[in-house]
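Engineer: Note that my numbering has the sequence shown beginning at 19, numbered continuously upward.
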Amino acid sequence: MKAKFVVPWVLFSFFILLFSPPPAALSAEKPIIIGCPLATAFLYGWDAERAIRLAVEEINAAGGVKVGGKKRPFAVEVMDTRDLEPGVPVSDALLTLEKLILEKKADFIVGGPVRSEAALAAMDLLSKYKKVSILTTGALTPAYHARVAENYDKFKYCFRISGEAVWMVTGEIIPCLVDIGNKFKVNKLFIMVQDVAHARGGGALIAKIMAGKNWTVLGDPEIYPTGTTDFSMGLLKAKKEGAQVILIWMDMPESSILLKQWYDLKVPALPFGSIIAPAEQPGFWKATEGKGEFCLANVVNAGNAPSKATPWTMKFFNAYTKRWKIEPEGYGTSSSYMAVYALKEAIEKADSLDPEAVIPALEKTDMMGVYGRIRFNAKNHQIIPSLDPKEGAVGTIFQWQKGKRVVVYPDKIATGQIQLPPWMKK
């Protein structure tokens, strides 16, 4: 009886093998690897990673990226650069980037390095390995896109889809300060900055410009090393000298202590964070027990706080909140999300992963995104900014009011008005 079943079973197995597709056809297409060098222990690293993963999940769920007649998924490889940690040398971030390229076989780089000094040093590696990179978080130094313009053939692989210090200062911070001065009749400015390139440069530039606008700048900017935990002497100095606005430019988490001390000392000056990482986060109010109220924070790109900059703004805001159980957290969130979509569009236009084909496609990017019209300057690969989301990438300055982040600038996307602390009004 056993013999009766042998032949039918052999025939059945033969037909299964004959008509089944080969294993390769059943497996997914080879993924396109996005390498992400990020300072993952810090806000500008972890929020960027979450935004990149959200965009990748959405794109893959919709079928992936069409290239070479096939739909291929994105895959994300994240490595910690540690470049926002005090005392960590730039060389460590470069080693991380090189590992992403050589060991993880990254096809493209999205995210960092985050620290300006590390991002600048990384440009030579990107050129060496011919890897297209879209900088999305951290590094605000104008030297980044200046290097692309000065030596295009070498640095053409480097793009930045987030803001940069000069536009932030001249196009957003200065006009906002002028509005505050006109509305509240104040003109005495005290500046406190972190000892990093973009903060020192930004603080000095603001001081120079505001002095030319009939504001009194109270001394040179106070400079604090990364990791500082006591700002009381500087705040007492600001109070003694009659400061009415305190300009703060710091990306270190310890700057939250500055805001607590400002509140406890009742310094009669409006805290204006041109960059102040802790105040950008949704949990800032609870963490400071409300002592951060009235603090202004610049999150560089719209979408990092609730607004209606474009129809896509709240769509992204809600999707991020649903996916990560927290509202978009700060600078680097919406820009990291948009970088993945811009890269997808460029790859599909080029119909190739070849950097020599993707670069001109990225240069021709023109799409409406979370924070406005997304276009790059073809000569220096910096995103084109604007105060109007219909014309370019818009930033966001919000103020903490009764536990909420209320967008107060620019006017076209504002959801509220700036308020002064009650002890300042007196």
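Idealized CB from N, CA, C, for every residue including glycine.
1. Could you tell me the distance, in whole angstroms, from the CA atom of Ser-109 to the CA atom of Gly-219?
2. Which residue comes first and which comes last in the alpha helix (DSSP H) that contains Asp-98?
3. Alpha carbons only, please: which of Lys-48, Ile-377 and Glu-409 is nearest the one belonging to Met-386?
4. Under 8 Å between the Cβ atoms of Leu-115 and Pro-55?
5. Can you give me the C-alpha to C-alpha distance between Tyr-162 and Val-285, rounded to a whole angstrom?
6. From the DSSP output, in three-state form, read off Pro-289 for me.
7. Alpha carbon to alpha carbon, how far is Tyr-62 from Gly-252?
8. According to the Cβ coordinates, are Trp-280 and Pro-289 closer than 8 Å?
9. Report the three-state DSSP secondary structure of Tyr-175 (helix, strand or coil).
10. Just how far apart, CA to CA, sit Leu-276 and Phe-92?
11. Label Ala-43 either buried or exposed according to how many other C-beta atoms from any shown protein chain fall within 10 Å of its C-beta, with 16 as the threshold for buried.
12. In chain order, what residues of the same chain lie with their CB nearer than 7 Å to the CB of Trp-303, ignoring the 5 residues before and after it?
13. Assuming Lys-362 is part of the alpha helix (DSSP H), what are its boundary residues?
14. Can you check whether the CB of Gly-82 is closer than 8 Å to the CB of Arg-71?
15. Counting only the same chain and skipping the five closest in sequence on each side, list residues whose C-beta sits under 6 Å from that of Phe-249.
16. Determine contact between the region 194-208 and the region 322-342, defined as no fewer than three beta-carbon pairs at a distance below 8 Å.
17. If you scan the region 63-93 from start to end, which runs of the beta strand (DSSP E) of 3 or more residues do you find wholly inside it?
18. Pick out the complete alpha helix (DSSP H) segments inside the region 369-406, 4 residues or longer, and give them in chain order.
19. On the three-state DSSP scale, how would you describe Pro-40?
Structural biologist: On the basis of the supplied data:
1. Rounded to whole angstroms, Ser-109 to Gly-219 spans 23 Å at the Cα level.
2. Run containing Asp-98: none in the alpha helix (DSSP H); it sits in the beta strand (DSSP E), 92-98.
3. Nearest to Met-386 by alpha-carbon distance, out of Lys-48, Ile-377 and Glu-409, is Glu-409.
4. For Leu-115 and Pro-55, yes; Cβs fall inside 8 Å.
5. Each residue's Cα considered, the two are about 37 Å apart.
6. Here DSSP, grouped into helix, strand and coil, assigns Pro-289 to strand.
7. Tyr-62 and Gly-252: Cα-Cα distance of roughly 26 Å.
8. In contact: Trp-280 and Pro-289 (Cβ atoms closer than 8 Å).
9. In the structure shown, Tyr-175 sits in coil (DSSP, three-state: anything other than H, G, I, E or B).
10. For Leu-276 and Phe-92, the distance between alpha carbons rounds to 41 Å.
11. Its pLDDT being 36, under 50, Ala-43 is placed unreliably in this model, and the value from its coordinates should be taken loosely. Taking all protein chains shown into account, Ala-43 has fewer than 16 neighbouring C-beta atoms within 10 Å of its C-beta and is therefore exposed.
12. Correct list, in chain order: Gly-310, Trp-418 and Gly-421.
13. Residue range 351-368 is occupied by the alpha helix (DSSP H) that includes Lys-362.
14. By the CB criterion at 8 Å, Arg-71 and Gly-82 fall outside the cutoff.
15. Same-chain partners within the cutoff: Leu-276 and Gln-279.
16. No, because fewer than three Cβ pairs between the region 194-208 and the region 322-342 fall closer than 8 Å, the two stretches do not touch.
17. Every beta strand (DSSP E) of 3 residues or more that sits fully in the region 63-93 is shown, in chain order, as 83-85 and 88-90.
18. Within the region 369-406, the complete alpha helix (DSSP H) segments of 4 residues or longer fall at 373-381, listed in chain order.
19. For Pro-40, the predicted structure reports a pLDDT of 44, less than 50, and the residue's modelled location is therefore unreliable. A value from the coordinates is still provided. DSSP places Pro-40 in coil when its eight states are reduced to three.
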